[in-house]
Each structure stands twice: as C-alpha cells, then as structure tokens.
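Chemist: At position 334 of the sequence shown the residue is numbered 338 (the numbering used here), and the sequence of numbers has no breaks.
Ideal Cβ positions, reconstructed from N, Cα and C, are used throughout, including at glycine.
Next up is a structure, given as structure tokens.
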Amino acid sequence: MTAQNGHRPFDVGAIRRDFPILKREVASGARLVYLDNAATSQKPVQVIAEITRYYRDHNANIHRGVHTLSMEASELYDGVREKVRAFINAPRESEVVFTRNTTESINLVAYGWGRKFLAAGDEVVISEIEHHSNIVPWQVLRDERGIVLKYIPMLPDGTLDLEYARQVIGPRTKLLAITAMSNALGTIVPLHELIPLAKAHGAVVLVDGAQSVPHMAVDVQALGADFLAFSSHKMLGPTGVGVLWGRQELLAAMDPFMSGGDMILTVTMESATWNEVPYKFEAGTPNIAGVIAFGAAIDYLQSLGMERVRAHELELVDYGLRRLGDVPGVTIYGPPDAADRGGVISFSVEDVHPHDVGQVLDSHGVAVRAGHHCAQPVMAALNVPATVRASFYIYNTPAEIDVLAGAIEEANRYFGVLSA
Ligand SMILES: Cc1ncc(COP(=O)(O)O)c(C=O)c1O
5 MTAQNGHRPF DVGAIRRDFP ILKREVASGA RLVYLDNAAT SQKPVQVIAE ITRYYRDHNA
65 NIHRGVHTLS MEASELYDGV REKVRAFINA PRESEVVFTR NTTESINLVA YGWGRKFLAA
125 GDEVVISEIE HHSNIVPWQV LRDERGIVLK YIPMLPDGTL DLEYARQVIG PRTKLLAITA
185 MSNALGTIVP LHELIPLAKA HGAVVLVDGA QSVPHMAVDV QALGADFLAF SSHKMLGPTG
245 VGVLWGRQEL LAAMDPFMSG GDMILTVTME SATWNEVPYK FEAGTPNIAG VIAFGAAIDY
305 LQSLGMERVR AHELELVDYG LRRLGDVPGV TIYGPPDAAD RGGVISFSVE DVHPHDVGQV
365 LDSHGVAVRA GHHCAQPVMA ALNVPATVRA SFYIYNTPAE IDVLAGAIEE ANRYFGVLSA
C-alpha cells in the first residue's frame, strides 16, 4: 500500500523487510499477522542492532567514569535526550526525563508534583477512558491526601462528554490528567479543546501520550500541556524505557520520586542535595542500552515522518471499519468516523466470548488483544466484560485486515453464529 505525502511514497513492503519477526510462522504454519500494536510494537533490525552494538562496543556505566567507554556510553545515552526533545518539539533537552515506562512517568508526577503541591479539597480531573495507569495513581493520592477526583464521562460512541467537561473543569481544578488517545477504543481526545479549559483556571495539564506519540506528530509547545508521558516500547523501541517531558520550572520545583545514586549533588551522613533536572529524577543505573536503542527507534520514525505514519494508519482503520463492519455478528465500539480514531478497532462477536475469538484468531496467526485492555471503566461504560482489539502500525496492510476478517468469519462458523 502506498500513502502519498509530499513526494515520498510510504513503502510498507520495504518497512516490513526491517521487521524479521513478521516473517515468523505461528500457530501451525500460519504467517504472523501482528495486530497488537497498542500493547507493544515490533522492533526493526536497526533497533535490535543498536542494542547489540552498545553491549559489544561501548558497554560501561554512565555519568561516572573518566574512561573512554563510560564517556562514550554517557554521550550516546544523553544524545537520545536531544532526539526525544526534537521529536516532541520540547523547548529544552533538560526537560526530558527517562523513566521505565508511561506508568512510571505518571507516578513520577503523582509523587513528585502531586504530593508536594496538592492539598485536601484540590480537584484532579481525569476521564472515563483512561488507562489504569492514569487512574490508579490519582486514586492512591486521593486516599492519601484527600484530593477530589473527578471524571469526564464517555458518551456511548466512545468520545468524551465535552459539555460535562466544561462544567467539571473549574476554579478548584488543580490538575487535568488526560489521555491523548484511548488504548481501548482508539478515540482521539480533543486536547485542543480540553487543555485551554484547564489553563483558563490555571490548572496543570498532564497528557498521557502512550498511544499518541507513537502514531502521530506531537508538539508539546503547540499542545500547551505541562507534562507528557509515553513509552519507548510502543514506538519501535525497547521495553523498560519511558519518557516524562515536563516544563522546566515544574520539574525544578518538584521533589524527586526515587532517591539514591546519580540523582544527588552532595551527600553527607546527615543530608543530601539534589542534582539538577533531569538527573534529579534518574536515580540509579538506568536502562542504558534501552535508551540508546530508543534513539534508533526515533530515527526510524523520523525518517518515515509522523504525518505519513498517521496517514497510513488512517487508511488502515478506515478500511478495517468497513471490512469488519460487513462481518455478521460483529459489533464495533468507539467513534464511527475513522478520522476520530487512532489505528485501533475494538469489537465483539455476537455470542462468542472475546477470549474465544482471540484463540481462533491466533490459530490463523492473527495476534490481537482480548480483554479489558487495562481500561475497566470503559468496559463498564460499554456494559461488556471485554472486547477484542486489533491495533495497527506502520508495517500493517489491508491484506492483513482481510486475514483478520476471514478469521472472524471462521470463528463465527466455529461457534455456530451463522448456523444459529
Ligand atoms: C493510554 C495508555 N496509557 C498508559 C499505558 C501504560 O503504558 P506502560 O505499560 O508502557 O507503562 C498504556 C499501555 O497500554 C496506554 O495505552
């Protein structure tokens, strides 16, 4: 498939050759059709090679040694900060904090900022379509500090109730912590409408970018948020690496989350002083190889261009909605218009439990997610125990969506929906 943007074609065939795992046969000889990208993406050879190269040629601890290897490793590691900065158009490299994942990035804000600056009665607004990672840390803070947690509800089509948002975000709102895209339904959240509402009341805004940063151009300055959290492993990079971007003045005012080595300036037997931002938040030896290989993942996405990544996924989701919409017994959840979604299609098959659908799909080589997708409030709002979720990325093709649709039809036959 070819998506045109400017003059360069989006060559999915060439992209696929960079992902050896896509040649794998799974489930009795069926070729892998990987549609579980919202959980984690596959990794191109460029990223895999970078991990090997680091351990083979540069392995040393960072920020600690005057020897050549340590200086090389430090330079490679800190060099990725600049790549991340450019990728999200952050004003300063020092505003990029490396964490383990999105979950840790959000917890860092809850601990380092929330516990210092929020008091009983202060309101934190989240939404009903958040991943558990952007719900539970705020519930813990509520139980500990007496803050008030409010939700923007989901409408039946998987979008947020913006009317309600206008009422719930008010003068007592101190934080809006909101996802840019629902991992369960693919809903793209209109941040350009919500963030100004919070800013009008002087609230801090944290954006959960776990599903947006890998799939579309994100510019933190245009967004107007204060914090952005995302994970390397969902955007071609290794597991164990996440990012918290935060405004310099907020990061500087925050308390550390973890303490120990690397994050200090001085230590006596009585006390310690903190290192400057971002090192204040990077206690202990980090995932050096992972961060360096994450740099290769960013290079890969930059070479494709995030506008073209988004255009490719939009074509896939548009095709997928039409193709799956024609399969008997299939109910699709989330926004009906492809333009309002990322590359995610959540669905159920009449009278067949999502786990059973997932197993039949697996026997055709199709990898999807079946479950609550760490978004149980979404399942509760839809009044379903679970859904099946197909989620796309740069290497997926319409032909793979045909395999998915054919396998669902097979599940239909197997479980007798068509014969009933
Ligand atoms: C929207 C969203 N937020 C947060 C997370 C948590 O990411 P991680 O498991 O990498 O911490 C996910 C993962 O699926 C997600 O989709």
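(1) Excluding the 5 residues flanking residue 425 on each side, which residues of the same chain have their C-beta closer than 7 Å to its C-beta?
(2) Assuming residue 266 contacts residue 327 under a Cβ cut-off of 8 Å, what Cβ separation, rounded to an integer in Å, is found between them?
(3) Rounded to the nearest angstrom, what separates residue 280 and residue 306 at their Cα positions?
(4) Sort 13, 210, 157, 56 by Cα distance to residue 179 and report the nearest one.
(5) Note the first and the last residue of the continuous alpha helix (DSSP H) segment covering residue 336.
(6) When burial is assigned at 16 or more other CB atoms within 10 Å of the CB, is residue 359 buried or exposed?
(7) Can you tell me whether residue 22 sits near ligand 1, meaning its C-beta is under 6 Å from at least one heavy atom of the ligand?
(8) Ligand 1 and residue 212: does the residue's C-beta get closer than 6 Å to at least one heavy atom of that ligand?
(9) Quick check: the Cα distance between residue 175 and residue 153, rounded to an integer number of angstroms?
(10) At which residues does the alpha helix (DSSP H) containing residue 169 begin and terminate?
(11) Taking residue 85 as part of the beta strand (DSSP E), name the residues at either end of that continuous run.
(12) How far does the beta strand (DSSP E) with residue 211 in it reach, from first residue to last?
(13) In terms of residue numbering, what span does the alpha helix (DSSP H) encompassing residue 323 cover?
(14) Nearest-angstrom Cα distance between residue 408 and residue 397?
(15) For residue 163, verify whether its CB is less than 6 Å away from any heavy atom of ligand 1.
(16) Might you give, ordered along the chain, the residues of its own chain that have their beta carbon closer than 6 Å to the beta carbon of residue 37, omitting 5 neighbours on each side?
(17) Under the DSSP definition of a beta bridge, which residues are partnered with residue 249?
(18) Distance, Cα to Cα, residue 402 vs residue 33?
(19) What residues in its chain sit with their C-beta under 7 Å from that of residue 7, if we drop five residues either side in the sequence?
(20) Would you say the beta carbon of residue 177 comes nearer than 6 Å to a heavy atom of ligand 1?
(21) Between residue 382 and residue 133, which are expected to be in contact by the criterion C-beta below 8 Å, what is the C-beta distance as a whole number of angstroms?
(22) Kindly examine ligand 1 and report whether one of its heavy atoms sits closer than 6 Å to the Cβ of residue 111.
(23) Taking only runs that begin and end inside the stretch 387 to 422, name each unbroken beta strand (DSSP E) of 3 or more residues, in chain order.
(24) If you follow the beta strand (DSSP E) that residue 25 is part of, which residue opens it and which one closes it?
(25) How far does the beta strand (DSSP E) with residue 203 in it reach, from first residue to last?
(26) What's the C-alpha gap between residue 139 and residue 200?
(27) Beta carbon of residue 77, beta carbon of residue 62: below 7 Å?
(28) Pairs of beta-carbons, one from the stretch 229 to 248 and one from the stretch 100 to 110, closer than 8 Å: are there three or more?
(29) Looking at residue 372: is its Cβ nearer than 7 Å to the Cβ of residue 356?
(30) Check whether the stretch 153 to 166 and the stretch 286 to 297 are in contact - that is, three or more C-beta pairs closer than 8 Å.
Modeler: From the atom records:
(1) Any question about residue 425 goes unanswered here, given that the chain covers just 5 to 424.
(2) Actually they do not touch by this definition, with Cβ atoms about 50 Å apart.
(3) 29 Å
(4) 210
(5) It is not in any alpha helix (DSSP H) - residue 336 instead sits in the beta strand (DSSP E) that spans 334 to 337.
(6) exposed
(7) no
(8) yes
(9) 14 Å
(10) That run of the alpha helix (DSSP H) goes 166 to 172.
(11) Where residue 85 is concerned, there is no enclosing beta strand (DSSP E), although the alpha helix (DSSP H) it sits in stretches over 72 to 91.
(12) 208 to 212
(13) 310 to 329
(14) Rounded to the nearest whole angstrom, the C-alpha separation of residue 408 and residue 397 is 15 Å.
(15) no
(16) 369, 370, 404, 407
(17) 100, 232
(18) Taking the Cα positions, residue 402 is about 21 Å away from residue 33.
(19) Since pLDDT at residue 7 reaches only 41, below the 50 mark, its modelled position is unreliable, and no value is offered.
(20) no
(21) 6 Å
(22) False, no ligand heavy atom lies under 6 Å from that Cβ.
(23) 391 to 395
(24) From DSSP, residue 25 is part of no beta strand (DSSP E); its letter is neither H nor E.
(25) Membership of residue 203 in any beta strand (DSSP E) is not indicated; the residue belongs instead to the alpha helix (DSSP H) covering 195 to 204.
(26) Going by the C-alpha atoms only, they are around 22 Å apart.
(27) Yes; because the gap between Cβ atoms is below 7 Å, this pair is in contact.
(28) yes
(29) Contact: no.
(30) no
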